[in-house]
Each structure stands twice: as C-alpha cells, then as structure tokens.
Amino acid sequence: MTDEAATLSAAGPLTRDEVARVVARDIPSGSYVNLGIGLPTKVANHLEPDSGVVLHTENGMLGMGPEAHGDEVDHDLINAGKIPVTELPGAAYFHHADSFAMMRGGHLDICVLGAYQVSAGGDLANWHTGRPDDIPAVGGAMDLALGAKQTFVMMDLFTRSGEPKLVPSCTYPLTGLACVSRVYTERAVFLLGDGQVRVRQTFGTNVADLQAGLPGVELVDATGRA
Amino acid sequence: MTQFVADPDEAVAGIGDGVSVMIGGFGTAGQPVELIEALVRSGARDLTVVNNNAGNGDVGLAALIGAGRVRKIICSFPRQSDSHHFDAKYRAGEIELELVPQGNLAERIRAGGAGLGGFFTPTGYGTLLAEGRETREIGGRHYVFELPLTADFALVKAHRADGMGNLTYRKTARNFGPVMATAARHTIVQVAQVVPTGGIDPEVVVTPGIFVDTVVELPSAQPAPEEDGQ
Numbered sequence: 002m003t004d005e006a007a008t009l010s011a012a013g014p015l016t017r018d019e020v021a022r023v024v025a026r027d028i029p030s031g032s033y034v035n036l037g038i039g040l041p042t043k044v045a046n047h048l049e050p051d052s053g054v055v056l057h058t059e060n061g062m063l064g065m066g067p068e069a070h071g072d073e074v075d076h077d078l079i080n081a082g083k084i085p086v087t088e089l090p091g092a093a094y095f096h097h098a099d100s101f102a103m104m105r106g107g108h109l110d111i112c113v114l115g116a117y118q119v120s121a122g123g124d125l126a127n128w129h130t131g132r133p134d135d136i137p138a139v140g141g142a143m144d145l146a147l148g149a150k151q152t153f154v155m156m157d158l159f160t161r162s163g164e165p166k167l168v169p170s171c172t173y174p175l176t177g178l179a180c181v182s183r184v185y186t187e188r189a190v191f192l193l194g195d196g197q198v199r200v201r202q203t204f205g206t207n208v209a210d211l212q213a214g215l216p217g218v219e220l221v222d223a224t225g226r227a
Numbered sequence: 078m079t080q081f082v083a084d085p086d087e088a089v090a091g092i093g094d095g096v097s098v099m100i101g102g103f104g105t106a107g108q109p110v111e112l113i114e115a116l117v118r119s120g121a122r123d124l125t126v127v128n129n130n131a132g133n134g135d136v137g138l139a140a141l142i143g144a145g146r147v148r149k150i151i152c153s154f155p156r157q158s159d160s161h162h163f164d165a166k167y168r169a170g171e172i173e174l175e176l177v178p179q180g181n182l183a184e185r186i187r188a189g190g191a192g193l194g195g196f197f198t199p200t201g202y203g204t205l206l207a208e209g210r211e212t213r214e215i216g217g218r219h220y221v222f223e224l225p226l227t228a229d230f231a232l233v234k235a236h237r238a239d240g241m242g243n244l245t246y247r248k249t250a251r252n253f254g255p256v257m258a259t260a261a262r263h264t265i266v267q268v269a270q271v272v273p274t275g276g277i278d279p280e281v282v283v284t285p286g287i288f289v290d291t292v293v294e295l296p297s298a299q300p301a302p303e304e305d306g307q
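Below you can see the structure in the form of structure tokens.
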C-alpha cells in the first residue's frame, strides 16, 4: 500500500472528491475513458495533465478538455451533461452512431458511472427509480454500462435513509446485467467478478463492520490487512 | 439534386399532418431551431418526432410540443430540468413516448438509412426496455433485436453546404445530423453558410449531397443558445 493509500484508509470515510481521486489514480495512462453524468465527472479534475487519458463524451467527441468558462464557452461544444467544455489538441468529432459504436464495439477502456444500486453479481441499476409518477429517461446509460472493457461505479455506499446500495439483487429497474467490475464508495473499494465481492481497500472502517452493514452480500477481505 | 430555398418556411412547406419527422440535435447543440419554428408556423399537426430529447426551455422542439403538434415522440432522454412542455403533455396523456437507449436510437436510424432490416444489440438486454423483444445468443453474449427507423422528413442543422448539398458540421453539434440525413425520404438542412460547388474539400465532407434534398442558408443562425442543466 502506498503512503497515500494508507493515509486515506486510516482517516475515515472519503469525501466525494477523494473518491474521485482514488478512481483517477486507478485509470492507466493512455486509456480511453467515458465519465458518466453526475459524480463521475469529478474524476476529470484528478487526472494528471500528462496522464495521456483520452476522454470520450458520447454526444460525439474524443479528446474532451475541461469545462469552458467565459470566452471559451461555445454552445456547439458540450459534454453529455450538456455543459460547455473545451477541446484538447488531437480531439476528434464524430456522429452519434460512430460514438456508440466506440462503446458497443469494445473500444473504450473504462467507463465510470453513478448508480442507484449495484448487485453482488455486477448488475447495475442507474436509470429509473421505477416510481409510477417518474417520467423515465435512459439516455446512454444502457449503452455505457455494457460498452466499455471495464465499467466502474462511483457512488455513496448507503442512501440518505441508510439503505445499502450494494445489494444481493437490484430492486430498481436494471440498466445492464453483470456489467460492473468495480465499485468505488466513501467507505471502501469493491472488486466484483467470478461471483465474488472482494474488498480491496477500506476508508475509516474495516471489512467486519462493512459486512455488518451489507446484509446478503458476502464480502471477501482482499485488503491484505486480514 | 439538392434544392436551395430562400427561407425556412419554404423549406418545410411540404410537411403535412400525420407525418414522421426526425429532428437533429442533442439538447440545443445542433437543434435546427429556425426550421422547427417554421414548422410551428406551418400548422402541421399529429406529428411523430424522433429526437434525442423532448425539448428544452420554450424554443424549437419544446415550442412544437407545447403547441400540441406532436402525437408521439421517439427519444432517449425526455426528462430534463427544462423539459416542462413535454412533462405537462406526458402527464396529461397527450403525447405518446417511445423510449429507446441512445445508442440503439442512433443505430436504428443508421440501419434505416442503410436499408437494413434491423440488428441485434447487447444494449438493453435483460431490462424493461427489451421486454417482449426477440433475443438471441451469439458467441456467448445475449442480444436484443432492434428494428430500423426511417422517417418522412429530417430537419438537420449543419454548418456549411456547397452547391452539391455536401455538408460539414460544427463540433458536437454534429451528433444525430449525419445519420438522420440518410434515414428520411426528404432531408431539409439549415446551414450558416452556402459556399460555391468546390468550396468544401471533398476529403472533409461529412454528409454527401445525395442525402440532402433541401438547403436553406441562415447566416444569422447563431450557435446553440444556452440551456439549463442536463
């Protein structure tokens, strides 16, 4: 464990920016990455300028730069959240069918998404609350969930009312089946696969305490501190 | 051959009641607002509209929906912070919604324009949006069958056209324009500038003129206006 990781582990639950930094550190140099709307967009703030990471935005651009301010704002140049952004040298524009071919075709390395729930088997629910009065909107969520070589989720481990969001099986409508390989939260990083939920790292807690808060999900201690 | 007309009203004059219209744009980027507003003025009603969203604010597609002209919308992301016209019509049961994952929507349009009878996609498998669909396992992966999508008309915003109707686009305003241009029986394009034939390098043409039926030059049309959130 690096000094920084040890410090994070001891200090207590992470802030959302700290979670974003943990995700950013896990993205290999030179990766093609899509950051979903909401929390995952924070990851961009923690990528080193020389990381060589190329950001994809599904509305039709590779080489997306930071959010635009002032005179930089051009409303023909926006991200998937419809926020004005900038272009980096080497950027490319393309139409929607090509953009989603990049995902579906397995050309993106990593996609980072938010979630309502993730199941122990890697099912993702992040598009619809299922409430009858809710107007459903899916956007690119289902394409993104399946479209990268690895799908990471970045979320709070519990809802505001304290319900766990890492669950034996999702109760919200599904976005994709068995598609999530990692879950980054304020209390731990979970690795999903081969029917297991392995805890790689904890923040201000331990695997036994995590296990007590996640009924029905069997955790395997992979922190190296067991 | 591509025809050039003088104003947006003339460009949309052939759009009657009950037809299907693909409208380009992702939010307001690439939304052909002036063509849509001409369509509002034309009075055409009972329309089926294909767009990624269901209108933002009070202009363009939002105005068309607000005026009660849209019977059905096929889109991926209707609900937004500023989609109040759609929200009201939907809750009142006055507009039909067909919700399609964004990549499937783009690919259905591409398939329609390419003369294909549909395709199998992994996107949506095992979800509410694939209920009742034909599925198939190919190479150990599960796929859902999606039908092609075509329309009577497409309204597209591009950046430049030459005398042959060849088009270039601007930044992320390209989005659905190139695929929609291929998938409509009659494609109507608004551009900021028409240049003489030969004025666009053939190597940078994005939409070849064979897909373009009508062009109107609107030099005053600015890049997309600001919008509110996602």
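Sequence order for the protein chains is A and B. Start counting the first sequence at 2; every next residue gets the next number (the working numbering). Start counting the second sequence at 78; every next residue gets the next number (the working numbering). Glycine included, C-beta positions come from ideal geometry on N, C-alpha and C.
Asked                                                                                                                                                                                 : Found
Using C-beta distances below 6 Å, list every residue in its chain close to residue 205 of chain B, excluding the 5 sequence neighbours before and after it, in chain order.           : none
Specify, as a first and last residue, the run of the alpha helix (DSSP H) that residue 99 of chain A falls within.                                                                    : 97-105
Given this structure, state the Cα-to-Cα distance separating residue 90 of chain B from residue 269 of chain B, to the nearest angstrom.                                              : 20 Å
According to DSSP, residue 242 of chain A sits in a beta bridge with which residue or residues?                                                                                       : This structure gives no information on residue 242 of chain A, because the portion of chain A shown stretches from 2 to 227.
On the criterion of 16 or more Cβ atoms from any shown chain inside 10 Å, does residue 132 of chain A qualify as buried, or is it exposed?                                            : exposed
Would you call the segment 66-76 of chain A in contact with the segment 146-163 of chain B, where contact means no fewer than 3 C-beta pairs closer than 8 Å?                         : no
Out of A:116, A:52 and A:165, which one is the CA nearest neighbour of residue 218 of chain A?                                                                                        : A:165
Under a CB-based cut-off of 8 Å, is residue 155 of chain B close to chain A?                                                                                                          : yes
With respect to the alpha helix (DSSP H) encompassing residue 93 of chain A, which residues constitute its N-terminal and C-terminal limits?                                          : Residue 93 of chain A -> not in any alpha helix (DSSP H); beta strand (DSSP E) instead, spanning 86-94.
Taking the continuous beta strand (DSSP E) assigned at residue 208 of chain A, which residues delimit it?                                                                             : Not the beta strand (DSSP E): residue 208 of chain A falls in the alpha helix (DSSP H), residues 208-214.
Examine chain B for any beta-carbon lying closer than 8 Å to the beta-carbon of residue 164 of chain A, and answer yes or no.                                                         : no
Taking the C-alpha atoms as reference points, what is the distance between residue 307 of chain B and residue 66 of chain A?                                                          : Low per-residue confidence applies at residue 307 of chain B: pLDDT is 37, beneath 50, and the placement is therefore not dependable enough to give any value.
How would you label residue 102 of chain B, buried or exposed, when you count the other beta carbons within 10 angstroms and need 16 or more for buried?                              : buried
Mark residue 274 of chain B as exposed unless 16 or more other C-beta atoms lie within 10 angstroms of its C-beta, in which case mark it buried.                                      : exposed
Rounded to the nearest angstrom, how far is the Cβ of residue 127 of chain B from that of residue 226 of chain B, given a contact under 8 Å?                                          : 6 Å
Taking beta-carbon pairs under 8 Å, can you tell me which members of the segment 243-261 of chain B lie near chain A?                                                                 : 246, 247, 248, 249, 250, 251, 252, 253, 254, 255 and 256
Note down, in chain order, all residues in the segment 198-215 of chain B with a beta-carbon under 8 Å from any beta-carbon belonging to chain A.                                     : 198, 199, 200, 201, 202, 203, 204, 205 and 206
Assuming the contact rule is C-beta atoms closer than 8 Å, residue 137 of chain B and residue 252 of chain B should be a hit. Round their C-beta distance to whole Å, please.         : Rounded, the Cβ-Cβ distance is 14 Å, inconsistent with contact.
How many Å lie between residue 79 of chain B and residue 291 of chain B at the Cα?                                                                                                    : 6 Å
Starting from the Cα of residue 202 of chain B, find the closest Cα among B:213, B:193 and B:169 and give me that residue.                                                            : B:213
Report the rounded CA-to-CA distance for residue 154 of chain A versus residue 114 of chain A, giving the unit in angstroms.                                                          : 5 Å
Do residue 88 of chain B and residue 265 of chain B have their beta-carbon atoms positioned less than 8 Å apart in this structure?                                                    : yes
For residue 46 of chain A, which of helix, strand or coil comes out of DSSP?                                                                                                          : helix
Once DSSP output is grouped into helix, strand and coil, what is the label at residue 54 of chain B?                                                                                  : This structure cannot settle anything about residue 54 of chain B, because the visible part of chain B is limited to 78 through 307.
Can you find a C-beta in chain B that's less than 8 Å from the C-beta of residue 90 of chain A?                                                                                       : no
Measure the C-alpha to C-alpha separation of residue 223 of chain B and residue 178 of chain B and round it to an integer number of angstroms.                                        : 11 Å
I'd like to know whether the C-beta of residue 139 of chain A is nearer than 8 Å to at least one C-beta of chain B.                                                                   : yes
For residue 187 of chain B, return the contacting residues in chain A, with the cut-off set at a CB-CB distance below 7 Å.                                                            : 98
Just to make sure I have the definition right: I need the residues of chain B whose C-beta is within less than 8 Å of the C-beta of residue 174 of chain A. Which are they?           : 204 and 205
Give me the subset of the segment 48-62 of chain A whose CB atoms are less than 9 Å from a CB atom of chain B, sorted by chain position.                                              : 58, 59, 60, 61 and 62
If we call anything under 8 Å between Cβ atoms a contact, is residue 279 of chain A one with residue 182 of chain A?                                                                  : An answer regarding residue 279 of chain A cannot be provided, because it is not within the stretch 2 to 227 covered by chain A.
With a threshold of 7 Å on Cβ separation, who are the neighbours of residue 107 of chain A within its own chain once the five nearest residues in sequence on each side are excluded? : 150
Got a sec, what are the start and stop residues for the alpha helix (DSSP H) residue 70 of chain B sits in?                                                                           : A question about residue 70 of chain B goes unanswered here, because the residues of chain B that appear run from 78 up to 307.
Alpha carbons only, please: which of B:242, B:209 and B:250 is nearest the one belonging to residue 82 of chain B?                                                                    : B:242
Residues in the same chain with beta-carbon distance under 8 Å from residue 89 of chain A, minus the five sequence neighbours each way, listed in chain order, please.                : 64, 65 and 66
So, helix, strand or coil for residue 143 of chain A, using DSSP?                                                                                                                     : helix
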